[in-house]
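When we follow full-length UniProt numbering, the leftmost residue of the sequence shown carries the number 1, and every step to the right adds one.
Beta carbons are placed, not taken as given, at the ideal position from N, Cα and C, and that holds for glycine.
Everything below concerns the one structure shown next.
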Amino acid sequence: MATDDERDRGAQIDRWLVRKAREGDPAAYEELIRRHRDRIYRIALRITGEPADADDVTQEVVIQLWTALAGFAGTSAFTTWLYRVVVNRSLDHRRRDRTGPEPRETDLAPVAGPERSVVAGEEVRAGLAAIARLPENQRVPLVLCQIEGLSYAQAAAITKTSEATVRGRLARARTTLLAEMRSWS
């Protein structure tokens with residue numbers, strides 16, 4: 001997990017890159033995307049449940065951001081605004097493809113880095129499958145808060161709900177997952 005100083009430094013870098021990109025600097029835009037592309041993909045994958053869909057959403061977000069940066073007011077952190085764009089695009093993609101399969105357990109597994117070594121064993125796979133079966137309104141807060149490590153306030157801003165709603169949906173998701181895990185033993 002990043003320390004508060006690292007997050008503050010990252011937010012400062014993002015603000016500078018956003019400002020430069022809004023001024024038309026393509027190198028700043030490319031760096032902004034480079035900094036966030038993996039997380040864009042991870043969130044999209046965990047919401048859409050399909051690697052191909054996550055790739056599509058990632059590309060759509062990258063294209064959309066170039067023009068959408070002009071509308072970024074800067075009243076919240078860039079990442080909060082970015083994650084809202086990613087969540088919206090991911091949900092839109094799932095709605096357009098309602099006939100597609102539900103997310104598979106392996107698609108919710110950590111994508112890269114040290115998390116990869118954690119994913120082992122039948123219980124973990126079963127847990128990921130249980131997350132994939134959660135209703136969308138519970139899965140999104142779970143992905144944002146529990147998996148991506150965002151605060152309730154950040155998740156509320158991204159989902160355009162209150163912190164209480166995020167907490168409630170997260171509690172329901174945890175209760176559902178706990179009940180399912182108890183049935184395994």
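* **Under the three-state DSSP convention, the category GLY149 falls into** => Working through the sequence shown from its first residue, we reach residue 149 at position 149. Here GLY149 sits in coil by DSSP.
* PHE78 lies in the alpha helix (DSSP H); which residues open and close that run? -> In the sequence shown, the residue the question calls residue 78 occupies position 78. Element bounds for PHE78: 78-96.
* Quick one, are the C-beta atoms of HIS93 and GLU136 less than 9 Å apart? -> Locating residue 93 in the sequence shown gives position 93, where the first residue counts as 1. Locating residue 136 in the sequence shown gives position 136, where the first residue counts as 1. No, these two residues do not count as a Cβ contact at 9 Å.
* Asked: Distance, Cα to Cα, THR161 vs THR176?
  -> Counting from one through the sequence shown, the residue named residue 161 turns up at place 161. Counting from one through the sequence shown, the residue named residue 176 turns up at place 176. Each residue's Cα considered, the two are about 21 Å apart.
* To do: Take every Cβ of the segment 23-31, pair it with every Cβ of the segment 40-50, and state whether three or more of those distances are shorter than 8 Å.
  => no
* **Selected residue, minimal CA-CA separation from ASP8, among ARG46, ASP53, THR165 and THR79** => Your numbering for residue 8 matches position 8 in the sequence shown. Ranking the options by Cα distance to ASP8, first place goes to THR79.
* **Backbone secondary structure at GLU163 - three-state DSSP** => Position 163 of the sequence shown holds residue 163. DSSP places GLU163 in helix when its eight states are reduced to three.
* Asked: Tell me which same chain residues have a C-beta within less than 7 Å of the C-beta of GLU105, skipping the five on either side of it?
  -> As a working mapping, residue 105 is identified with position 105 in the sequence shown. With a pLDDT of 47 at GLU105, under the threshold of 50, the modelled position of this residue cannot be trusted; read the value that follows with caution. If we look at GLU105 and ignore the five residues flanking it on each side, its Cβ neighbours are ARG125, LEU128, ALA129 and ALA132.
* **Closest residue to LEU32 among ILE47, ARG46, THR48 and ARG15 (Cα-Cα distance)** => As a working mapping, residue 32 is identified with position 32 in the sequence shown. With distances taken between Cα atoms, LEU32 lies closest to ARG15.
* Asked: What's the C-alpha gap between VAL87 and ALA153?
  -> If you number the sequence shown from 1, residue 87 lands on position 87. If you number the sequence shown from 1, residue 153 lands on position 153. Using only the alpha carbons, I get a separation of about 16 Å.
* Residue range of the unbroken alpha helix (DSSP H) whose run includes LEU65 -> Looking up residue 65 in the sequence shown gives position 65. Unbroken alpha helix (DSSP H) run through LEU65: 51-68.
* To do: In the DSSP assignment, find the unbroken alpha helix (DSSP H) run with LEU32 in it and report its ends.
  => Sequence index remark: in the sequence shown, residue 32 carries index 32 (1-based). Unbroken alpha helix (DSSP H) run through LEU32: 26-48.
* Given a threshold of 16 other Cβ atoms within 10 Å of its Cβ, counted over all protein chains shown, does ARG95 qualify as buried or as exposed? -> Reading the sequence shown from its first residue, position 95 is the one you call residue 95. It is exposed - the Cβ of ARG95 has fewer than 16 other Cβ atoms within 10 Å.
* Asked: Do you know offhand how far ASP55's Cα is from PHE72's?
  -> Here residue 55 refers to the residue found at position 55 when the sequence shown is read from its first residue. Here residue 72 refers to the residue found at position 72 when the sequence shown is read from its first residue. If you take the alpha carbons of ASP55 and PHE72, they lie about 24 Å apart.
* Going straight from the alpha carbon of ALA109 to that of ALA156, what length do you get? -> Here residue 109 is taken as the residue at index 109 of the sequence shown, counted from 1. Here residue 156 is taken as the residue at index 156 of the sequence shown, counted from 1. Unreliable placement is indicated for ALA109, whose pLDDT of 49 sits below 50; no coordinate value is reported for it.
* **alpha helix (DSSP H) segment containing ALA11, residue limits** => Looking up residue 11 in the sequence shown gives position 11. Segment 4-22, the alpha helix (DSSP H) holding ALA11.
* To do: To the nearest angstrom, report how far apart SER76 and LEU178 are at their CA atoms.
  => Taking the first residue of the sequence shown as position 1, residue 76 is located at position 76. Taking the first residue of the sequence shown as position 1, residue 178 is located at position 178. Looking at the two C-alpha atoms, the distance is approximately 34 Å.
* With distances taken from CA atoms, which of GLY10, LEU142 and GLU148 is nearest ARG34? -> As a position in the sequence shown, residue 34 is number 34, starting the count at 1. Per the Cα distances, GLY10.
* Could you tell me which of VAL140, GLY74 and HIS36 sits nearest to ARG167, measuring between CA atoms? => Numbered from its first residue, the sequence shown carries residue 167 at position 167. The shortest C-alpha separation from ARG167 is found at VAL140.
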